[in-house]
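Novice: Residue numbers for the sequence shown follow my numbering, so the first one is 3 and each next one is one higher.
Sharing a structure here in structure tokens format.
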Amino acid sequence: MKKKQFETEAIRTQLERTEFLEHTSPLYLTSSFVFEDAEDMRASFAEEKERNIYSRFTNPNTSEFVEKICKMEGAESGYAFATGMAAIFSTFAALLDSGDHIVSARSVFGSTHTLFTKYLPKWHIETSYFNINEPESIEQLITPKTKILFAESPTNPAVDIIDLEVLGNISKKHNLILIIDNCFATPYIQQPIKFGAHLVIHSATKLIDGQGRVLGGVTVGSADLIRDIYLFSRNTGPALSPFNAWTLSKSLETLAVRVDRHCENALKVAEFLEAHPKVNWVKYPFLKSHPQYEVAKKQMKLGGNIVAFEVEGGIASGRQFLNAIKMCSLSANLGDTRTIVTHPASTTHSSLEEKDRLVVNITDGLVRVSVGLEHADDIIQDLEQALNTQ
3 MKKKQFETEA IRTQLERTEF LEHTSPLYLT SSFVFEDAED MRASFAEEKE RNIYSRFTNP
63 NTSEFVEKIC KMEGAESGYA FATGMAAIFS TFAALLDSGD HIVSARSVFG STHTLFTKYL
123 PKWHIETSYF NINEPESIEQ LITPKTKILF AESPTNPAVD IIDLEVLGNI SKKHNLILII
183 DNCFATPYIQ QPIKFGAHLV IHSATKLIDG QGRVLGGVTV GSADLIRDIY LFSRNTGPAL
243 SPFNAWTLSK SLETLAVRVD RHCENALKVA EFLEAHPKVN WVKYPFLKSH PQYEVAKKQM
303 KLGGNIVAFE VEGGIASGRQ FLNAIKMCSL SANLGDTRTI VTHPASTTHS SLEEKDRLVV
363 NITDGLVRVS VGLEHADDII QDLEQALNTQ
């Protein structure tokens, strides 16, 4: 049979129906599962048969969610986590040994940076950063102890783009595990495995849920690597709950239509901001003015829902802009149906010195907008009135 399209897989991939012939997958709110007899129990724990034992290991709801993500990303296997950061930590902890080395893009999520610089060094695991605008510097950072090459694209919060094909070629040349955080793009927009990634990580809390309801994370990719991650995780306990897995699996059914509208709105917002006299610059992957526009067009289907721009006047103006917002939300989340506005220099990245923020393109006046599903005219009107108070 011909392979089904993305949208169809998202809707029609489900568990086999029970005797009740339910149309949608039921919730399996159980901590454990029973066995037919002693031999069934022995064989199950010996992994001589595939079956659910305990929901910390697997659960029908988490299995369905993971299977959908695997089909969307073109992955062999996966494991679902309680949060995106649980996915990040567990993936690295499962694959790295004391003395190993990571090469990472400098522009990474703040908690990922903290993991690399504060916690992994406790186990003598070090990280070297490369500037996303200098991919030629990556190979200079690789040592005999380097095991993982890591990046997120688009980056948070400056929406820079990294050429995944370049990373894939480097990882292949040096026999490294390439891990890509694909949170901003979602598997609908970008599939890093096509460009050589071995593992792909998502914070499902963001666009995959898309409605600000539940936390979740997932890592998918090579079956051999996922096996190590699974064994680590079934013993350390960061598993996704069945209810959240059920919610996220249902969310995937509308991912394509939601992301289409997110991206349509985001492009309109970016074009408006680019023409506004009080905006110094705008970065959106599908604006021709974006420094990595051609790379974005090569590896992304659409531009995503995140727009970054700089208001005149630095930190004070950035905070003034946020105070003038009336409709949009001021929140730490992104990828919601509701448009969210954040000023990183005074909030999420305020602990960094200015010189360190500038290295990852976080200027004092940078504003990040997670463009939602409201009517684009209403989003623009709110941003416009806030800019006019500057």
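Here a beta-carbon is modelled for each residue, glycine too, at the ideal position from N, C-alpha and C.
Remember, predicted model here, so these are calculated numbers, not experimental data.
If we ignore side chains and look at the alpha-carbon of each, how far apart do C185 and S205 end up?
Specialist: Rounded to whole angstroms, C185 to S205 spans 6 angstroms at the Cα level.
Novice: Do you know how far the Cα of L201 is from the Cα of I182?
Specialist: Cα-Cα distance, rounded: 6 angstroms.
Novice: Closest to V168 by C-alpha separation, out of L122, H103, L304, F197, would be which residue?
Specialist: Of the listed residues, the one whose Cα sits closest to V168 is F197.
Novice: What residue does the alpha helix (DSSP H) around K175 start on, and which one ends it?
Specialist: Run containing K175: 166 to 175, per the alpha helix (DSSP H) assignment.
Novice: From what residue to what residue does the beta strand (DSSP E) around H345 run?
Specialist: H345 -> no beta strand (DSSP E), and no H or E assigned at all.
Novice: What's the C-alpha gap between K120 and I210?
Specialist: Those two C-alpha atoms are separated by around 29 angstroms.
Novice: Looking at C-alpha atoms only, which residue of N133, S100, N325 is the closest neighbour of S106?
Specialist: Comparing Cα-Cα distances from S106 to each of N133, S100, N325, the minimum goes to N133.
Novice: Could you tell me which of R359, V313, I308 sits nearest to N335, measuring between CA atoms?
Specialist: Checked all of R359, V313, I308; the closest Cα to N335 is I308.
Novice: Relative to the C-alpha of Q193, which residue among K149, I144, C72, A45 is closest?
Specialist: Closest by alpha carbon: C72.
Novice: Can the beta-carbon of G170 be found closer than 8 angstroms to that of L178?
Specialist: Taking 8 angstroms as the Cβ cut-off, G170 and L178 do not qualify as a contacting pair.
Novice: Could you tell me if the beta carbon of E154 falls within a distance shorter than 7 angstroms of some heavy atom in the ligand ADP?
Specialist: With respect to small molecules bound, the structure shown includes none, and the ligand ADP cannot be examined in it.
Novice: Run through the stretch 127 to 203 for me and flag every whole alpha helix (DSSP H) of 4 or more residues, listed as ranges in chain order.
Specialist: If we require 4 residues or more, the alpha helix (DSSP H) runs fully inside the stretch 127 to 203 come out as 140 to 143, 166 to 175, 188 to 191.
Novice: Please report the straight-line C-alpha distance between I150 and N158, rounded to a whole angstrom.
Specialist: Their backbone Cα atoms lie some 20 angstroms apart in a straight line.
Novice: Taking the Cβ atom as the reference point for each residue, do F67 and L250 lie within a distance shorter than 8 angstroms?
Specialist: Yes.
Novice: Might you give, ordered along the chain, the residues of its own chain that have their beta carbon closer than 7 angstroms to the beta carbon of L324, omitting 5 neighbours on each side?
Specialist: If we look at L324 and ignore the five residues flanking it on each side, its Cβ neighbours are L332, V343, H345.
Novice: For H264, write down the residues that DSSP places opposite it in a beta bridge.
Specialist: H264 pairs with nothing; no bridge assigned.
Novice: Counting only the same chain and skipping the five closest in sequence on each side, list residues whose C-beta sits under 6 angstroms from that of A268.
Specialist: So the list reads N307, V309, V373, once near-sequence residues are dropped.
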